[in-house]
Amino acid sequence: MDTEERKEYADVVIAGTGVAGLYSALNLPRDKKIIMITKSDVESSDSFLAQGGICVLRNEEDYSSYFEDTMRAGHYENRKESVDIMIRSSQSVIRDLIGYGVEFQRAMSDTAGEDENNGNLKDGDPKAGDPPAGSGREAEQDTEKEGLLRGYAFTREGAHSRPRILFHEDVTGKEITSRLLARVRELDNVEIREYTAMTDIIVSNGRCRGIIAEETERGAEREATGQDHAGQPSARKRIRIYAKDTILATGGIGGRYEHSTNFPHLTGDALTIAKKHGIRLEHLDYVQIHPTTLYSKKPGRRFLISESVRGEGAVLLNKDGERFVNELLPRDVVTAAIREQMKKDGTDHVWLSMAGIDKEKILKHFPNIYRHCLEEGYDVTKEPIPVVPAQHYFMGGIWVDSDSRTSMEHLYAAGETSCNGVHGANRLASNSLLESLVFARRAADKICRDRGWTVSDKVHSGVEYSDTGHSDPDTVHEREDIA
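Using my numbering, the letters of the sequence shown correspond one by one to residues 74 to 556.
Here is the structure:
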């Protein structure tokens, strides 16, 4: 097979077109040339697949519990500075998203209020079919300091002490990513290259000078086959893209697993390249298994059943229809309980019952899950569905500092590719989109500061930023409890 090669030049090259790649591009100057590449098509990033929602700091009173929830879920192996930065930056990120047109669910006056004990099993054995106490999304009309968030509905997921998750039905990732993608496509200075796989980085004198990539002609295979969208290329063109700065945002490693919720082409390419060049990696064994994916004997990507389903009242059942675990414990704990129950029952799955959720709520909050399960022969409003754990997320990755800088000069990493320490050994539900956005923006901001670039036309949403008692949401608080 013949391979052509050409050289190109950009101010910044970004590998990846998920939320991390897109948001970093939107936070770079409009007069700088930016080239973005993606291994498949732009809709085939895991950012599009995120179901549950995105966390946000409700108000200053929520800070301590949000911080503790994140740390506890991560088994206290989190980098405290990174956790603080993420939480403190959350409202400004949400403000940007609203400005870009992202539509989060509005509160309804007839929904249930907040219950701090939502989902916690009490003393004694749980009864089959009993929903977690106090199930239901929070719909209180926000007061106090929540001007930015007033009027929005919040849901709750495992290991959260209160509802703090904004959502758009059960396709929050698609809503956010598609809005960001639309804005990036409006920019004359940004070029997106689909079906262009990074194969290496360009290194000179110990500094990153860009990337080497291969363009491939699109194959005929699609996701239904369980194969990489790129299929079998009929021709290849190698490109050397020289850039002042490079951002790696290539996603996770799910393609390396037989059963994963990730797209199959996400195979940790950036990690392999980083290792080759001696770039620092961290916590490569920190892989999260999601407790609930729809059981299937078909090959290919596993369909996720969002944790927010359990947050709204769904319960896990054994073969005898009995509850066996607190459904809102951290993901690794619930996964271990499911595996133990499968071993006891001698089955390939357990059951998830949504009997405790109103049908109207299922159809409104989880329409995508409802439709997909119907296609597989299950009506979630009438019967439990079989679920099984599967690989979902990678907490490790390329080590980065709080500005998303790797150990190599002029090379940045953001999103699931990176390891900034936010998640510790186990990610808290719905922190992934937020973490990706916060640290992608910090990468762009650091590049701008170092280069003396200014960004004068960032989006403004027209909504007032909520006063959390801290003038700069991106500045780390110096607190005794996170020292």
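Every residue gets a Cβ at the ideal spot worked out from N, C-alpha and C, and that includes glycine.
All values derive from a computational prediction rather than experimental measurement.
**Message:** When you compare the CB positions of Asn441 and Asp119, do they come within less than 8 Å of one another, or not?
**Reply:** Result no, Cβ atoms of Asn441 and Asp119 do not sit closer than 8 Å.
**Request:** Consider the C-beta atom of Leu510 and the heavy atoms of the ligand GTP; say whether any pair is separated by less than 7 Å.
**Result:** In the structure on display, the ligand GTP does not appear, and there are no ligands present to speak of.
**Message:** I want to know whether the region 457-466 touches the region 374-387 - three or more CB-CB distances under 8 Å.
**Reply:** yes
**Asked** Going by DSSP, which residues form a beta bridge with Lys80?
**Response** Arg313
**Item:** Those residues which DSSP pairs with Leu354 across a bridge
**Value:** As DSSP reads the structure, Leu354 sits in a beta bridge with Ile471.
**Request:** Run the CB neighbour count on Tyr149, radius 10 Å, all protein chains shown included, and call it buried at 16 or more, exposed below.
**Result:** exposed
**Asked** Residue range of the alpha helix (DSSP H) that Thr30 falls in?
**Response** Since the first and last residues shown for the chain are 74 and 556, residue 30 lies out of range.
**Message:** Here's a check: name, in chain order, each residue in its chain whose Cβ is nearer than 6 Å to the Cβ of Ala93, leaving out the five neighbours to either side.
**Reply:** Result list for Ala93: Ala322, Ala487, Gly488, Ser509 and Ala513, in chain order.
**Item:** Limits of the beta strand (DSSP E) - the one that Gln361 falls within
**Value:** Val360 to Leu367
**Item:** C-beta contact flag for Val48 and Arg256 at 8 Å
**Value:** Any property of residue 48 remains undetermined from this structure, which presents the chain solely from 74 to 556.
**Prompt:** Is there contact here, the region 98-113 with the region 251-271, by at least three beta-carbon pairs under 8 Å?
**Reply:** By the Cβ criterion, the region 98-113 is in contact with the region 251-271, since at least three pairs of Cβ atoms, one from each stretch, lie closer than 8 Å.
**Asked** What do you reckon, are the CB atoms on Ala146 and Arg500 nearer than 8 Å?
**Response** yes
**Message:** Restricting to runs no shorter than 3 residues, where is the beta strand (DSSP E) found entirely within the region 81-160?
**Reply:** With a minimum length of 3 residues, the continuous beta strand (DSSP E) runs that stay inside the region 81-160 are 107-110.
**Item:** Which residues DSSP lists as bridging Asp318, in chain order
**Value:** Looking at the DSSP assignment, Asp318 forms a beta bridge with Val85.
**Asked** Taking all protein chains shown into account, do 16 or more other C-beta atoms lie within 10 angstroms of the C-beta of Lys416, making it buried, or fewer, making it exposed?
**Response** exposed
**Message:** Spatial neighbours of Tyr359 within its chain, please: C-beta separation below 6 Å, excluding the five flanking residues on both sides.
**Reply:** Met468, Gly469 and Ala498
**Prompt:** What is the rounded straight-line gap between the Cα of Trp472 and the Cα of Ser234?
**Reply:** 29 Å
**CA nearest to the CA of Arg396, picked from Thr272, Gln414, Val406 and Ala409** = Gln414
**Message:** On a Cα-Cα basis, can you pick out the residue from Asp104, Phe121, Gly324 and Lys317 that is closest to Val276?
**Reply:** Lys317
**Beta-carbon proximity list for Ala286, same chain, < 7 Å, skipping 5 on both sides** = Ile110, Thr269, Ala270, Met271, Thr272, Ile312 and Ile314
**Prompt:** Where does the unbroken beta strand (DSSP E) through Met427 begin, and where does it stop?
**Reply:** Counting along the chain, Met427 sits inside no beta strand (DSSP E), nor does DSSP assign it H or E at all.
**DSSP three-state assignment for Asn190, whether helix, strand or coil** = Note on Asn190: pLDDT 38, under 50, position unreliable in the model; the coordinate value appears next. Three-state result, Asn190: coil.
**Buried versus exposed, by CB contacts within 10 Å (16 or more), Ser137** = exposed
**Request:** Could you give the DSSP three-state label for Ala486: helix, strand or coil?
**Result:** strand
**Message:** Whether or not the region 380-395 and the region 417-432 are in contact is what I'm after, with contact meaning three or more pairs of Cβ atoms, one per stretch, closer than 8 Å; do they touch?
**Reply:** yes
**Message:** Please report the straight-line C-alpha distance between Phe227 and Ser503, rounded to a whole angstrom.
**Reply:** Taking the Cα positions, Phe227 is about 12 Å away from Ser503.
**Prompt:** Going by alpha carbons, who is nearest to Val453 out of Pro462, Gln464, Tyr466 and Ile435?
**Reply:** Ile435
**Delimiting residues of the alpha helix (DSSP H) encompassing Val406** = Arg404 to Asp418
**Residue environment, Glu230, which counts as buried when at least 16 other CB atoms sit within 10 Å** = buried
**C-alpha gap between Arg237 and Tyr225, whole angstroms** = It is roughly 10 Å from the alpha-carbon of Arg237 to the alpha-carbon of Tyr225.
**Prompt:** Would a C-beta distance cut-off of 8 Å place Ala88 and Ala343 closer than the cut-off?
**Reply:** yes
**Asked** Can you list, in chain order, the residues of its chain whose CB lies under 8 Å from that of Pro403, leaving out five sequence neighbours each side?
**Response** Arg145, Ala146, Gly231, Ala232, Asn499 and Leu501
**Request:** Check the DSSP bridge columns for Glu287 and list the partner residues they point to.
**Result:** Ala270 and Arg311
**Message:** If I follow the unbroken alpha helix (DSSP H) through Leu436, where does it start and stop?
**Reply:** Lys432 to His438
**Request:** Starting from the C-beta of Val423, find all residues in its chain whose C-beta is less than 7 Å away, skip the five residues before and the five after it, and write them out in chain order.
**Result:** Leu389, Leu390, Asn391, Ile411, Gln414, Met415 and Val460
**Cut-off 8 Å between Cβ atoms - residues of its own chain near Thr408, not counting five sequence neighbours on either side** = Listed in chain order, the non-local C-beta contacts of Thr408 below 8 Å within the same chain comprise Ile362, His363, Pro364 and Pro462, local neighbours out to five positions each way being set aside.
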